[in-house]
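*Asks:* For the sequence shown, the numbering used here gives the first residue as 1475, with consecutive numbering after it.
Just dropping this structure here.
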Amino acid sequence: MFPKAPSREIDWTKLSLKGLDQTSHVESHYSVETGQWSAPEVVASPYLKVHGLSPALNYGQQCYEGLKACRTEDNRILLFRPDRHAHRMLHSTSTVSIPNIPEDHFLACVNLVVAANSAYVPPHDSNALLYIRPLAFGSGPQLALTSPSEFTFAVFTLPGSAYHGMTVQNALVCEDFDRTAPLGVGSAKVGGNYAPAMKYTDRAYRDGFPLLLHLDSLTHTEIDEFSTSGFLGVRHGEKQHTLIVPQSRNVLPSVTADSCVQMAERFGWKVEKRAVKFDEVRFFDEVMAVGTATLLLPIKSITYTSKDEKITFNNESPQGGPCCEALRNAIDDILRGRAEGPEGWIVPVREVLI
């Protein structure tokens, strides 16, 4: 029977992002000699075998993606906007000199890994989802600062719930660290953008701030993004709400933010895509952190320590303000097969003989 029923060995109400040892992953390898990616294969383990002298481990030649799948009431499994994630990964691979992964190959690998792990797709009536992590890296041994002879594309899965939960959270402006540079790689999903921030996110978390907000590194006056998520602001209006989406060449193009924009336009809201000064944030009624793992997280407050400033937002319930709830519900209904979305947003997972 496909897909398999949700595993009875998992407590679907208590999920984390630490991973499971029983899941399989998919691997495909690129040979510089042939100029092609190999046919994807299912590996019955979540572990990789990697040469210790690979440029991925030594020089950070790697990039990744994050997308999600959910189970519907009639037991189908749906992928959410996988083509956009394939397109975004093309940008990331080109940024770190990894051969392009064709969209059809990306989609085939994602379909295969979800099909192989269908028992780990959470039940329809849970708030959980299957997180999918495509990862590409230079895997052949090469200590010179040149590309290796082999690259690996692997896709992993993990059942989980929203990264930061679903209730309002406090954020802190990061003042002593610039995550990206104006001509850097902030627009690509590469590990080097995230590992250096851990020191600061850990410290902020200990101080009661689950999220860090990064400003632009050139002037420290404009919104870039949260450490784990994109940034969206909302101004309420009597007749029309306004969704504000910061634009910066230094941040990852958020698939979730784009989905919110399209839903906002469906609702008849006004949408503004532009540079956003931090000084403008105090005039927002709602602020959200948005991302594949974060989903839509309402922000309770943003603290700017050196300015002795704490900005609070209009959250009518622990689940956020009315606009956050409207966007979250609309996207969740599409993702879980309860409502029709724009063309191409939802792709059913096909059975694959393994």
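For each residue, glycine too, the CB sits at the ideal point set by N, CA and C.
Note the first and the last residue of the continuous beta strand (DSSP E) segment covering residue 1536.
*Replies:* Residue 1536 -> beta strand (DSSP E) spans 1536-1538.
*Asks:* Which same chain residues, not among the five before or five after residue 1715, have their C-beta less than 8 Å away from its C-beta?
*Replies:* So the list reads 1708, 1709, 1738, 1741, 1743, 1744 and 1797, once near-sequence residues are dropped.
*Asks:* Would you mind sorting residue 1660 into buried or exposed? The rule is 16 or more other CB atoms within 10 Å of its CB.
*Replies:* Counting Cβ neighbours within 10 Å, residue 1660 comes out buried, since at least 16 surround it.
*Asks:* Taking its Cβ as the centre, do 16 or more other Cβ atoms sit within 10 Å of residue 1699, making it buried, or is it exposed?
*Replies:* Answer is buried; the Cβ neighbour count reaches 16.
*Asks:* Buried or exposed, going by whether 16 or more other CB atoms sit within 10 Å of the CB of residue 1538?
*Replies:* When all chains shown are included, residue 1538 counts as buried.
*Asks:* What does a CB cutoff of less than 7 Å around residue 1560 pick up in its chain, not counting 5 residues either side in sequence?
*Replies:* 1577, 1580 and 1581, listed in sequence order.
*Asks:* Give the C-beta separation of residue 1624 and residue 1504 to the nearest angstrom, bearing in mind that I take them to be a contact with Cβ-Cβ under 8 Å.
*Replies:* Yes, residue 1624 and residue 1504 are in contact; Cβ-Cβ is about 7 Å, under 8 Å.
*Asks:* To the nearest angstrom, how far is it from the Cα of residue 1728 to the Cα of residue 1769?
*Replies:* Between residue 1728 and residue 1769, the C-alpha separation is close to 11 Å.
*Asks:* Among residues of its own chain, excluding the 5 on either side of residue 1785, which ones have a beta-carbon nearer than 7 Å to its beta-carbon?
*Replies:* Within the same chain, residue 1785 has close Cβ partners 1755, 1756, 1775 and 1776.
*Asks:* Closest to residue 1749 by C-alpha separation, out of 1595, 1696 and 1760, would be which residue?
*Replies:* Per the Cα distances, 1696.
*Asks:* At the level of alpha carbons, what is the spacing between residue 1706 and residue 1719?
*Replies:* Cα to Cα, residue 1706 sits roughly 5 Å from residue 1719.
*Asks:* Helix, strand or coil, according to DSSP, for residue 1805 in the structure here?
*Replies:* Residue 1805: helix per DSSP, three-state reduction.
*Asks:* If you reduce the DSSP assignment to three classes, tell me which class residue 1476 lands in.
*Replies:* Reduced to three states, the DSSP call for residue 1476 is coil.
*Asks:* Helix, strand or coil: how does DSSP classify residue 1799 here?
*Replies:* Three-state DSSP puts residue 1799 in a helix.
*Asks:* State buried or exposed for residue 1828, treating a residue as buried only when at least 16 other CB atoms are found within 10 Å of its CB.
*Replies:* Looking at its Cβ environment, which holds fewer than 16 other Cβ atoms inside 10 Å, residue 1828 is exposed.
*Asks:* Across which residues does DSSP place residue 1502 in a beta bridge pair?
*Replies:* DSSP output for residue 1502 lists 1627 as bridge partner(s).
*Asks:* Should the region 1491-1511 be called in touch with the region 1627-1647, which here means at least 3 C-beta pairs below 8 Å?
*Replies:* Judged by Cβ distances under 8 Å, the region 1491-1511 makes contact with the region 1627-1647, as three or more pairs qualify.
*Asks:* Just to confirm the assignment: which complete beta strand (DSSP E) runs, minimum length 3, are found wholly within the region 1514-1593?
*Replies:* Taking only runs of at least 3 residues, the beta strand (DSSP E) segments lying wholly in the region 1514-1593 are 1515-1517, 1536-1538, 1541-1545 and 1551-1554.
*Asks:* Going by beta carbon distance, what residues of the same chain come within less than 7 Å of residue 1825, once the five residues before and after it are set aside?
*Replies:* Here the set comprises 1476 and 1589.
*Asks:* State the CB to CB distance for the pair residue 1703 and residue 1771, rounded to an integer number of angstroms; the pair is presumed to be in contact (CB under 8 Å).
*Replies:* About 7 Å separates the two Cβ atoms, so the contact holds.
*Asks:* In or out: residue 1679 buried (at least 16 other Cβ within 10 Å) or exposed?
*Replies:* Exposed.
*Asks:* When you compare only the Cα positions, how much space is there between residue 1764 and residue 1732?
*Replies:* Straight-line Cα distance between these residues: approximately 10 Å.
*Asks:* Answer with buried or exposed for residue 1570, where buried requires no fewer than 16 other C-beta atoms within 10 angstroms of its C-beta.
*Replies:* The residue in question, residue 1570, is buried, as its Cβ has 16 or more Cβ neighbours within 10 Å.
*Asks:* Give me whichever residues DSSP pairs with residue 1437 in a beta bridge.
*Replies:* Residue 1437 lies beyond the stretch modelled for the chain, which goes from 1475 to 1828, so this question has no answer here.
*Asks:* Specify, as a first and last residue, the run of the beta strand (DSSP E) that residue 1751 falls within.
*Replies:* That residue, residue 1751, is in no beta strand (DSSP E); it is neither H nor E in DSSP.
*Asks:* Determine the contact status of residue 1683 and residue 1646, defining contact as a CB-CB distance below 8 Å.
*Replies:* Cβ atoms of residue 1683 and residue 1646: closer than 8 Å.
*Asks:* Between the region 1507-1522 and the region 1485-1499, do at least 3 Cβ pairs fall closer than 8 Å?
*Replies:* Judged by Cβ distances under 8 Å, the region 1507-1522 makes contact with the region 1485-1499, as three or more pairs qualify.
*Asks:* Alpha carbon to alpha carbon, what distance is there between residue 1621 and residue 1524?
*Replies:* When rounded, the distance between both Cα atoms is 16 Å.
*Asks:* Excluding five sequence neighbours on each side, which residues of the same chain lie with their C-beta closer than 8 Å to the C-beta of residue 1807?
*Replies:* Counting only Cβ-Cβ distances below 8 Å, and skipping sequence neighbours, we find 1813.
*Asks:* Taking the beta strand (DSSP E) that residue 1611 belongs to, which residues open and close that run?
*Replies:* Taken as a continuous stretch (DSSP letters only), the beta strand (DSSP E) holding residue 1611 covers 1603-1612.
*Asks:* Look up residue 1727 in the DSSP assignment and say whether it is helix, strand or coil.
*Replies:* In this structure, residue 1727 counts as coil in the three-state DSSP scheme.
*Asks:* Closer than 8 Å by C-beta to residue 1567: which residues in its own chain qualify, once you throw out the five before and the five after it? Chain order, please.
*Replies:* Excluding residues within five positions, the ones whose Cβ falls inside 8 Å are 1537, 1573, 1574, 1575 and 1610.
*Asks:* Can you tell me whether residue 1733 is helix, strand or coil according to DSSP?
*Replies:* Residue 1733: helix per DSSP, three-state reduction.
*Asks:* Is residue 1760 buried or exposed, if buried means 16 or more other CB atoms sit within 10 Å of its CB?
*Replies:* Buried, by the Cβ-count rule.
*Asks:* Based on the DSSP secondary-structure assignment, which residues constitute the bridge partners of residue 1640?
*Replies:* Note: residue 1640 sits in no beta bridge, so no partner.
*Asks:* At 4 residues or longer, and completely inside the region 1645-1702: list those alpha helix (DSSP H) runs for me, N to C.
*Replies:* The region 1645-1702 contains these whole alpha helix (DSSP H) runs: 1672-1680.
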